[in-house]
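Q: Here you go, one structure.
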Amino acid sequence: MAKPVLQLLENSNSLTSAPSGSHSSSLKKTLGPISLWGLGVGYVISGMYFGWNLGLPEGGPFGLLAATLLVTVMYVTFVLSYAELSCAIPRAGGAFAYTNRAFGPRLGFLGGVSQCIEFVFAPPAIAAAIGAYFHLFLPGVPALTIGAGAYLLFTALNIYGVRQSAAFELFITVIAVFELLLFAGIAVPHFTWTAFAQNPLPHGWSGIFPAIPYAIWFYLAIEGIANVAEETKNPQKDLARGFGSAMITLIILALVTFFSSVGIQGWEAVVYAPGTTAPSDSPLPMALGHVVGTGTVYYHLLITIGVCGLLASFHGIILVAGRATLEFGRIGYAPKILGTTLETRQTPAAALLLNMGVGMIALFTGKTAEIITISVFGALTMYVISLLALFKLRKSEPELVRPFKTPLYPWVPTLSLLLAVLSLVAMTVYNFRLAVIYVGMLGVAYAWFFIAVRAVRGVREVRSTPPLSAMTLANSTSSTSALQTVTHPPLQERG
17 MAKPVLQLLE
27 NSNSLTSAPS
37 GSHSSSLKKT
47 LGPISLWGLG
57 VGYVISGMYF
67 GWNLGLPEGG
77 PFGLLAATLL
87 VTVMYVTFVL
97 SYAELSCAIP
107 RAGGAFAYTN
117 RAFGPRLGFL
127 GGVSQCIEFV
137 FAPPAIAAAI
147 GAYFHLFLPG
157 VPALTIGAGA
167 YLLFTALNIY
177 GVRQSAAFEL
187 FITVIAVFEL
197 LLFAGIAVPH
207 FTWTAFAQNP
217 LPHGWSGIFP
227 AIPYAIWFYL
237 AIEGIANVAE
247 ETKNPQKDLA
257 RGFGSAMITL
267 IILALVTFFS
277 SVGIQGWEAV
287 VYAPGTTAPS
297 DSPLPMALGH
307 VVGTGTVYYH
317 LLITIGVCGL
327 LASFHGIILV
337 AGRATLEFGR
347 IGYAPKILGT
357 TLETRQTPAA
367 ALLLNMGVGM
377 IALFTGKTAE
387 IITISVFGAL
397 TMYVISLLAL
407 FKLRKSEPEL
417 VRPFKTPLYP
427 WVPTLSLLLA
437 VLSLVAMTVY
447 NFRLAVIYVG
457 MLGVAYAWFF
467 IAVRAVRGVR
477 EVRSTPPLSA
487 MTLANSTSST
497 SALQTVTHPP
507 LQERG
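With my numbering applied, the sequence shown corresponds to residues 17 to 511, in that order.
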């Protein structure tokens, strides 16, 4: 085993050199600030269309609202912190690259695995919702079949090219935002506080904590903006702009969607379809049906447009998940083929296909709420270790060029870290079985890391991050001061 693994690690030392044949490891620079806004909002916007309503049986409208406000503060402070890392180290690996640089391979691997779990398990939950929405119009076609078809279609689109993918993402994101505003325009006049406050705390204030993962669904995956850093024309400036504009948009949409949906007929009307006890994956159509009826042109028009929100997130997270898996192949923590891109398209086809296979398996379990929770476990773990990496790099590499710096440091990242840890602990307490499954997934990943990769004791360092000047800064249009050479040290094996 040692010999092929040794060869794999040696081949991954230089990430900028393209191997012969039809594969390379480079990505094409095509994205600007508007595209980044579209990607950032698009990654997340499906969370306005489904998923959040599953927190209502846990916390009721008051409990879920409190959880949403806490989560909003966590995400605002996290985005301000994460933007510093992404602008300073613009790598497709995102959290994997930052934590690797800060802590070395062992903790860096945790950052990468948790990021992959978040991005790989979010799409199957969205695919289930896509199937549920289309099933309203195609009752003869199983919802899971529709979801699987969506997986095939959008994986193919992402393989075709990032420019086409980003353009499509921006287009459907704009439509999805317009639909949410149109929905709010129809629903808000029918809002009443009496309806909103029905059974406000079914489990008391303690219901806030089990509602947290569903509140996180309002913002989950905005951090994916960092993973397209290598495809951004001017990452040192535009990543921060993309994060900020996307976050402001999402806060407005989350609050408008929450109040306008629940305030029509009460929270149970957007969780349970009439005559059923199973939670629904389509809360907005249920709310809209109480206003305009289910047989009207307005209803069918808005639901048809509303599918764009699901498609935007589904498509966008598939894109960013491919980049996260790509970095594992580049560094040598996964088979070499996963670290390559098609020379003609410059897209990570192998990584995208692997992610689709894992996602399909999760999709056909039919457990949307559980899939969401697993994805959120991955996200929160990644947030915690990324914030710790920010503190570590501020101390160990004060000379690192930081085109964007976190405001009010260290208070902003400290607040984000405390809220992320609180959320992770609360989720573990209220979802212990799923927490055990999640830890088991991390255990399997680390077994691979230690047994298959780190068994090569003769290899003491693996270069995971090339000089920024060669890979990114030379192609950007940032200021002269930002164009100075910044050498990323190799990753040392640490005890």
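Yeah, the Cβ is synthetic: ideal placement off N, Cα and C, and Gly gets one too.
(1) With distances taken from CA atoms, which of L101, A192, G124, E247 is nearest S51?
(2) By the DSSP assignment, the alpha helix (DSSP H) with A427 in it spans what residues?
(3) Rounded C-beta distance between S329 and S62? I'm assuming under 8 Å.
(4) Can you give me the C-alpha to C-alpha distance between H331 and A104, rounded to a whole angstrom?
(5) Considering just the uninterrupted stretch of the alpha helix (DSSP H) at V193, what are its terminal residues?
(6) How many whole angstroms separate the CB atoms of G84 and A270, which I take to be in contact at a CB cut-off of 8 Å?
(7) According to DSSP, is L154 part of a helix, a strand, or is it coil?
(8) According to DSSP, is Y98 part of a helix, a strand, or is it coil?
(9) Let's see if you can read the secondary structure: which residues bound the alpha helix (DSSP H) around S277?
(10) Whose C-beta lies closer than 7 Å to the C-beta of G163 among residues of the same chain, with five residues either side of it excluded?
(11) Among all the DSSP beta bridges, which residues are the ones paired with T288?
(12) Is it buried or exposed, L168, if we count other Cβ atoms within 10 angstroms and call 16 or more buried?
(13) Can you say whether R476 is buried or exposed, counting buried as having 16 or more other CB atoms within 10 angstroms of its CB?
(14) Is G511 helix, strand or coil by DSSP?
(15) Rounded to whole angstroms, what's the CA-CA distance from P106 to D254? Just pull it up for me.
(16) From L123 to G110, what distance separates their C-alpha atoms?
(17) Under 8 Å, do L354 and G348 count as touching if we go by C-beta distance?
(18) Looking only at its own chain, which residues have a Cβ that is under 7 Å from the Cβ of Q281, when we skip the five neighbours before and after it?
(19) Use the C-beta contact count for E415: other C-beta atoms within 10 angstroms, 16 or more gives buried, fewer gives exposed.
(20) R336 lies in the alpha helix (DSSP H); which residues open and close that run?
(21) Consult DSSP for L47 and reduce its assignment to one of helix, strand or coil.
(22) Taking only the alpha-carbon atoms, compute the straight-line gap between D297 and L424 and give it to the nearest angstrom.
(23) Ignore the nearest five residues each way along the sequence and tell me which others in G223's own chain have a CB closer than 7 Å to its CB.
(24) In chain order, what residues of the same chain lie with their CB nearer than 8 Å to the CB of M398, ignoring the 5 residues before and after it?
(25) Kindly give me the distance between the Cβ atoms of A203 and S276, rounded to whole angstroms, as I take these residues to be in contact under 8 Å.
(26) In three-state terms, what does DSSP make of L358?
(27) Could you give the residue range of the alpha helix (DSSP H) that holds P216?
(28) Look at the Cβ atom of G325, then the Cβ atom of Y65, and state whether they are nearer than 8 Å.
(29) So, under 8 Å CB-CB, A242 and Y149 are touching, yes? Tell me the CB distance rounded to an integer number of Å.
(30) Consult DSSP for T248 and reduce its assignment to one of helix, strand or coil.
(31) For P301, I'd like the list of residues in its chain whose CB is within less than 7 Å of its CB, leaving aside the five on either flank, ordered along the chain.
(32) My output table needs one value for K383: the three-state DSSP class, helix, strand or coil.
(33) So which of A82, V323, Q252 has the shortest CA-CA distance to W221?
(34) Nearest chain B C-beta to K383 closer than 8 Å, yes or no?
(35) Who are the Cβ neighbours of P226 in its own chain at under 6 Å, not counting the five residues just before and after it?
A: Let me lay it out:
(1) E247
(2) In the sequence as presented, Ala is not what sits at residue 427; that position holds Trp. That run of the alpha helix (DSSP H) goes 427–446.
(3) 3 Å
(4) 27 Å
(5) 178–203
(6) Strictly speaking, residue 84 in this sequence is Thr, with Gly absent from that position. Confirmed, Cβ separation roughly 7 Å.
(7) coil
(8) helix
(9) 251–281
(10) A143, A144, I146, G147, L379
(11) In the sequence on display, residue 288 carries Tyr and not Thr. DSSP output for Y288 lists P295 as bridge partner(s).
(12) exposed
(13) Annotation note: pLDDT 42 at R476 (below 50); position unreliable, no value reported.
(14) Note that G511 has pLDDT 36, beneath the 50 cutoff, so the model's placement of it is unreliable and the number below is only indicative. Note: G511 maps to coil in three-state DSSP.
(15) 11 Å
(16) 14 Å
(17) no
(18) A211, H306
(19) exposed
(20) Strictly speaking, residue 336 in this sequence is Val, with Arg absent from that position. V336 -> alpha helix (DSSP H) spans 313–347.
(21) strand
(22) 39 Å
(23) E74, G75, G76, G79, L217
(24) A111, G127, S130, Q131, E134, E239
(25) 4 Å
(26) strand
(27) Looking at the DSSP string, P216 is not in any alpha helix (DSSP H), and its letter there is neither H nor E.
(28) yes
(29) Not confirmed; about 29 Å, so no contact.
(30) strand
(31) L152, I319
(32) coil
(33) A82
(34) In the structure shown, chain B cannot be found, because there is only a single protein chain.
(35) E74, Y446
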